[in-house]
Structure formats: C-alpha cells, structure tokens
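Read the structure below first, then the notes.
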Amino acid sequence: MLGNTPPNDELNKPYNPKNHEEKIYKMWEEPGYFNPDRLPVGADQRGNERGPASPKLQRPLRLVGDEARGESTRKTFCITMAPPNVTGSLHMGHALGYTLSDILVRFKRMRGFETLWLPGTDHAGIATQNVVEKELKKQGVSRHDLGREKFLEKVWEWKEKYGHTIIDQLKKLGASADWSRLRFTMDEGYVKAVETAFKHYYDKSWIYQGERVINWCPRCATSLSDLEVEYKEENAEWFEIKYGPLVIGTVRPETKLGDTAIAVNPQDPRYKNLIGQELEIETVLGPAKMKVVGDPKVDMEFGTGAMKVTPAHDAHDFELAEKNNLEKKQVIGPDGRMTALAQKYAGLTVKEARKQIVADLEKKNLLVSRKPYLHNIAVCYRCDTIIEPLLSKQWFLKMKELAQTASDAVKNGQIKFHPHNFAKTYFDWLDNIRDWTISRQIWWGHKIPLDGVSDVLDTWFSSALWPFAALGWPKKTKDLERFYPTNVLTNDRGIINLWDTRMIFSGLEFMNEKPFSNLIIHATVMTREGKRMSKSLGTGIDPLQLIEEYGADATRFALIWQTMGGQDIKWQQESLVAGKKFMNKIWNATRFVLQRTGNSKFEVRSLKQTQISENKDVINKFDVTKKTVTDLIESYEFGPALHLLYDFFWHDFCDKYLEQTKKLNDEETGSTLLYVLTGSLKLLHPFIPFITEILWGKLPVPNKKFLIIESW
RNA sequence: GGGCGAUUAGUUCAAUGGUAGAACGCUGCAUUCACAUUGCAGAGGCACAAGUUCGAUUCUUGUAUCGCCCACCA
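Numbering-wise (the working numbering), the first sequence opens with residue 4 and increments by one.
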C-alpha cells in the first residue's frame, strides 16, 4: 500500500524535519489510523522478528467499528474540534489549542481508547460574507448588484476554493483528526440540525420576534449580539445643552432629536419636584414638550444629574420608555443617516448631523458648554465601524431557563472548567443574561425557517449545536450514540460565553446530556512584551512559518514548553531553539543506541533480570517518569509533563546513563538502552509525533506497529 | 466601575513553610569515539511594607506596577 512503508533512508547526522513530516503524515492518514473504526485491536502474536521494521511486519487491520461492535468493550474518547472559520488561517492560538487536543487524542489512542477527534469548519457568517464582498469589490461589484442568490453562489465557490486552507495547515501541524468525518456548519445534515433546533425553541415559545434597541453595524447592515461589540477609547466632546429649565449633557447631540423625555433620580433634591411635569423645551427643531420621569438608575453625581431619554437609540432608554410608556422616535436609520423625523437634518450622516446641530445650538444660544471628553465607543468586532444602537425588529431566544440549566451543570460538577477560575466568567454572564438576538441581516448563513423572512441566524446559533450536530443529530447515528457526550473540549477564553456556554445549554436542551465533561481553556499566546498578537497591528507570529523553518515537532514543543500554570504565554522564540536542539538530541541518542544494538540479539524485555545497579537506577527513574507523565497528561498539565520528559531524556538518560554504557558492552546495557529509549519515544510521541514515529520505525522492537497506534 | 491573574536569574518561566530550579543568553574549560544543535564547570534572582510563625520567596493583609475579562455612564 502506498505510503505504508516507514522511511528507509538512513539516519543522517543532522535531523531535518522537512525530509520526513509530510511522508509520515500520509503513513498515518492513509491506513486510517485517525479513524476509530479502523484502529487495530489487540496484540499481534505472530512475529518474533527483530531488527528494523519491515512493511511485512504490519499485520492486517482488524476492524472494531460496526462489524466488531458487539464484542468491542473498548472505551471511547472523543473531542469535537473547535471548528475554525473557513476564512481562517492558522494563528498561534489555534496552533496551541489544536496541539493540546492532539496530545490528548494521541495519548488516549495509545492508551487503547476508541478515539475520535472530529474536525470541522465553521461557515462564520459575517466574516465570510465580508471576505467575499471584498473580493467582489476588487471587480467593482457589490453583493447588491448580484442579488442574494448569485451572491450566495459566489460564497460557496469561495468556500470550495479556499475553505480547506486551514485544514491543510492543521495537517502540517500533525493534527490526528479523523478527516473522513469532516463536517461543515452549513452542510446538508447540519442545516437539518439547525432547523430542528429552531423549531424546537419556536414550539416552546422561546423564540419570539420583537422590537428592541439592538447593536447595529451600519457597514455590515446587520444586528449584532452584545458579545460581538467591542469598545475603543476615543477622544470626543462633552456638550452641555439647555433643556428648558434644565441642563443636560451628552456626547451625541444628534440623538437629542429623538429625545422623548428627561429622566432624573427620584432622590435628587434638585429635580425631584419636577417628576411628572411636562416641560416646554426649545430645541434646534423648535419648541417641544417633554415629560420628566423618575428613575433610580440615574446617577445624581454624573454630569448634571438630569438625563435625556432617547428610547430608539439607547438600550437603557428603551427600557425606561417601556416602563413609562414613552414615545420612541427613530432619528437615525439603518444606513447610519438621519431619518425623515430629523426634519431639516434628514439624510445627513451622524457625523455631519452632529456638527450641524452643534452649530445650530450655538446660534440659538442653547449650548451651555463644550469640552474634550475621553470615552468608550462601541465598534463592530468584524469591521471596526461605530455601532449605532437602533430600534429594530429582530428574533430573540429566551435565555432564562436555558441559562439556569447551563449554570447548574457546572455548579453540580457535571462539567468542569480547567482551570476552574474560568467558571466565574461563565456564571457572571449567565447571572446577568439577556435574551439572545439570534437574527442577522446578512445573506450568508442559516435561513430562519419561516416563510417570508430574509434574515439569517447568528453563526453561533449553529455552532452551539456542534458537539451533537457534528456527530449526526438530529439523526440517531451510531456515532452519536457512541461518542456523545464527548470527553473534552479545548478553546480560547475569548469564546467562553460566545460558544462554550451556548453548547452547554444546547446539549442539555436537545440531548438531555452535557456536551462534554471537561472544558480546557488554554493559554492565550501573547507577544514577548505581553501584548495581544494581532494581524492588523503586525504583532502576530505565523505558526506555519515556524513549522516551515523548524518543523512541526519543534513548533509543538515550543508551544507546550511555554504552557505552564499561568494563563498567558509571552511567546519566546528561544524555546523553538530549545525544541530544535532537543529533536536533534533524540535523533542522535537513537543513532547511538542503534549502533550499540544493531545486528544483535538484544531483547527489549529481557532486562528485568538485570543485576547492574546503574541499569536499575535508570529503569526505575524511567518507570517513575512514565507514571508521572501519565498523571500529568490526565490532569491536562501538558507543560510540566513535557519538562519532565525533557529533563529525564536529556539529563538522566543521555548525559548520565548513555555515557556510562560507553564503558560497558554487555547484553544487559543494550537491552536497557532499548527499553528506556522505546519507552521514552512512546511518552514523547503525543508531544512530538513526527520524529518519534520515524525513529520508532528504525528500532528493533518485536511485533512492532506504527508508534501512533502502539500501546502506551 | 466590577472581577480574575501576575510580579522569582539578563530574558521567558518553574518549585518550595527550613540549601530556590530549567530553558535560552553569558563566562571558562574539554572533547572530534551518538550529537559542536555537544559535554563539564561557573556567574547571576524571590516587587515593596506589615502581620502569622521558632523560621516566610511560599500563608494573611495592604501598597505599587502590569496583563486579561466583564460592564459601559446619559
């Protein structure tokens, strides 16, 4: 079988990953070792051969999938891969997260579990639509020129062409995911899952349509959830404006055209006697009448203590208006321009209107003061455009009960966060939950399954179903039965509430069972200075370049080497050097052992009778190391596990024992060398899979399989 | 504003209620017999203050600095 042969080139002096990695990956993938249905079972008793592995030594695979199911008693282990965006390319955060998953998956596979790492990609609504729109723009075409149907065709075309980029990159990293099960959050079965989920909520009356003030991105022309809004500091101006007998402050004078009331704190001695009165107020649009309402949320200390109420353009004011039955005047439209209600300002952009209105206020002698003011502005997380809070009709999902079940599942220990601290982020969000705006006014996404609605669902609505939808739900598939609930999920802390929380309540709602037992929140890779890596700031490091230059093993080594107890990694290029050197050490130690044991009758298993105390020492030390490393991986302490292995292999095995054996030349030392080396390669394999597999192929081990499927 | 975490060698990080370790870097020596991507040796460090303790880098409290998350003040 093509690619099923270990590389038979000689072990040249310097280790060069480039010569090997691609070949090795094919050797794993083609026989189906990533696929739990095609894993060989049990030990093969046939061979007594020693010496380097030959392809003949590979025994035929016995299937453990559907065919052997009845008799299979092996336990399963499943991770559903956090599906990267189809628009994505691998960044350091991915590289770390996926390496961690791969370590666990390889470890469990070697421990004899039916192991599935289920991969997929996410359609990433707004992100993907933006990418394709940008492409079209180069040709001078907008999506509106094309129309919805044609535009969607273009997006699919784009997806077919570029959507696998990140998958190819994951393979370079060594990810042992079962690509034969690859899913996409908009593939046929997944559409069915989303529809089923929507219908379920709808029938429960948890999905409703309503008019609310939502976050609106004028550029993307869509609503956004609170979690999709980011804040930026901006130097603005603070205006104080005469409001009849009162003075109110604002940074956005243009929204005052939509004011329908004034709010004061009922405790405020200055104003409380005004509550309930209707004031005659001179505005830039002439005289207006405005009611004064009392609300304890008004901060007496802030500004003048009197607050204008703009129900159509502020979420809090909206609530106030609901409570007090106030009129809602929409003066800014979805295009970011003033509406007809703004009268003479209609058609102006927000910015233009502000300038004009301030000038008019001055003319009318209504502007009391203006001064520089530093504040936070809300911007779109995708395109950085300033968010306009707008009154808009959207679909919402009621969160109260879902939040409760999600909260309970973590409180009662069904689902564990690692590190546990992050559960706090989760509880805080759930405790202050608001209904989820699930509709988006873009074209690329899951259509809301109701007649006559052109909106699509928030991307996260579909991702929320991932752990079971990717296993086949709503169909009752064997995979679903076999692998759900999954064991572990790994991702960055940035999406705890965007994604993890929503998977948890979705799993509990649709499967009556948690989606995973352990949630590993991995470190964030920062720059050496401790700043966020960001493409736009040019502070990012491309893991593919590292793989190209140092090899996947050294890159994985460097990532894990720096993953210690703390949460952030300040990326150090030096750990790559350490990794590269370590690879070389392993390579050469193996060459040495082969020189000592090649063409001989050394047996891996004969060493237990050894009488030589030096041998005992190294063997005992190895056994302890093995036990500790196993425990560390089980408790997700990957960095310490790797440090321990490094220390043992380099300083105990190479520096001490290997040097000693140069003076001796008997069978016991040869066997001991083999015992410790082969054992070490196994322990190292999950971390640095390529080099260990190559070297494994060279060692005289009886009944040898590929290392990836050897027993731990 | 609220929360979480960090502060240890030149740098990035460990460990620890009683001699503080690693990697990379640095200095010296050695070796070409697995590896110069080497070996051996060496220099070099617990943010500050108070408390608990026989004893604190470790526990408690406070201060300072830094980072991250959440909220968002009209």
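Positions of the beta carbon are idealized from the N, C-alpha and C atoms, including for glycine.
Once you ignore the five residues that flank residue i on each side, which residues in its own chain have a CB closer than 8 Å to its CB?
i: Met402; result: Ile436, Arg437, Asp438 and Trp439
i: His378; result: Glu236, Glu237, Ala239 and Val254
i: Met514; result: Phe471, Trp476, Tyr487 and Pro488
i: Thr681; result: Val607, Trp699, Leu702 and Val704
i: Pro122; result: Met84, Pro86, Ile170, Leu173, Ala178, Ala180, Asp181, Trp182, Arg184, Leu185 and Arg186
i: Gln280; result: Lys294 and Val295
i: Gly247; result: Leu282, Glu283, Ile284, Glu285 and Met293
i: Gln359; result: Tyr348 and Leu351
Taking Cβ positions, are residue i and residue j nearer each other than 8 Å?
i: Tyr384; j: Glu233; result: yes
i: Pro337; j: Leu260; result: no
i: Ala266; j: Asp298; result: yes
i: Met529; j: Pro518; result: no
i: Gly673; j: Arg599; result: yes
i: Leu42; j: Val491; result: no
i: Thr313; j: Asp262; result: yes
i: Met293; j: Ala324; result: no
i: Phe464; j: Ile441; result: yes
i: Trp590; j: Ile712; result: no
i: Leu522; j: His423; result: no
i: Asn218; j: Ala467; result: no
i: Lys245; j: Val361; result: no
i: Thr493; j: Ser92; result: no
i: Phe321; j: Arg443; result: no
i: Glu257; j: Val353; result: yes
i: Ala644; j: Val627; result: no
i: Ala409; j: Phe508; result: yes
i: Leu99; j: Ala526; result: yes
i: Val89; j: Asp125; result: yes
i: Lys583; j: Tyr553; result: yes
i: Phe116; j: Phe80; result: yes
i: Thr462; j: Ala127; result: yes
i: Arg109; j: Pro692; result: yes
Leaving aside the five residues before and after residue i along the sequence, list all residues of the same chain whose C-beta is less than 6 Å from its C-beta, in chain order.
i: Phe709; result: none
i: Leu344; result: Lys332 and Val334
i: Ile524; result: Phe425 and Arg496
i: Glu696; result: Ile27 and Leu710
i: Pro17; result: none
i: Gln397; result: Ile217, Ser226, Thr440 and Ser442
i: Gln132; result: Ile445 and Trp447
i: Lys21; result: none
i: Glu516; result: Pro488
Could you please give the first and the last residue of the uninterrupted beta strand (DSSP E) stretch that includes residue i?
i: Asp571; result: Asp571 to Lys573
i: Ile523; result: Phe519 to His525
i: His646; result: Not the beta strand (DSSP E): His646 falls in the alpha helix (DSSP H), residues Phe641 to Asp650.
i: Asn88; result: Looking at the DSSP string, Asn88 is not in any beta strand (DSSP E), and its letter there is neither H nor E.
i: Thr253; result: Leu249 to Thr253
i: Val296; result: Gly289 to Gly297
i: Thr286; result: Glu281 to Thr286
i: Thr225; result: Thr225 to Leu227
i: Ala717; result: For the chain, the structure presents residues 4 to 715; residue 717 sits outside this window and is missing.
How far does the alpha helix (DSSP H) with residue i in it reach, from first residue to last?
i: Ser104; result: Met95 to Met113
i: Lys195; result: Glu191 to Asp206
i: Asn379; result: Where Asn379 is concerned, there is no enclosing alpha helix (DSSP H), although the beta strand (DSSP E) it sits in stretches over Leu370 to Cys383.
i: Ser578; result: Glu577 to Thr600
i: Asn133; result: Gly128 to Lys141
i: Thr695; result: Pro692 to Trp699
Which residues does DSSP list as the beta-bridge partners of residue i?
i: Pro392; result: Asn218
i: Gly123; result: Arg186
i: Val528; result: Ile572
i: Lys245; result: Val250
i: Val459; result: Arg443 and Lys450
i: Asn238; result: Leu377
i: Thr79; result: Glu117
By Cβ distance below 7 Å, which residues in the same chain neighbour residue i in space, the five residues on each side in sequence not counted?
i: Lys175; result: Leu547, Ile550 and Ala555
i: Pro55; result: Residue placement at Pro55 is poorly supported in this model, since its pLDDT is 34, which falls under 50; the coordinates are not used for a value here.
i: Arg114; result: Trp715
Notebook entry, point to check: Curious, which full-length alpha helix (DSSP H) runs of at least 4 residues does the stretch 469-502 contain?
Noted result: 469-472 and 481-486
Margin query: Please give me, in chain order, every unbroken run of the beta strand (DSSP E) with length at least 3 that falls completely inside the stretch 418-454.
Written below: 419-421
Item checked: Runs of beta strand (DSSP E) wholly within the stretch 306-332 (minimum 3 residues, chain order) -> 309-312
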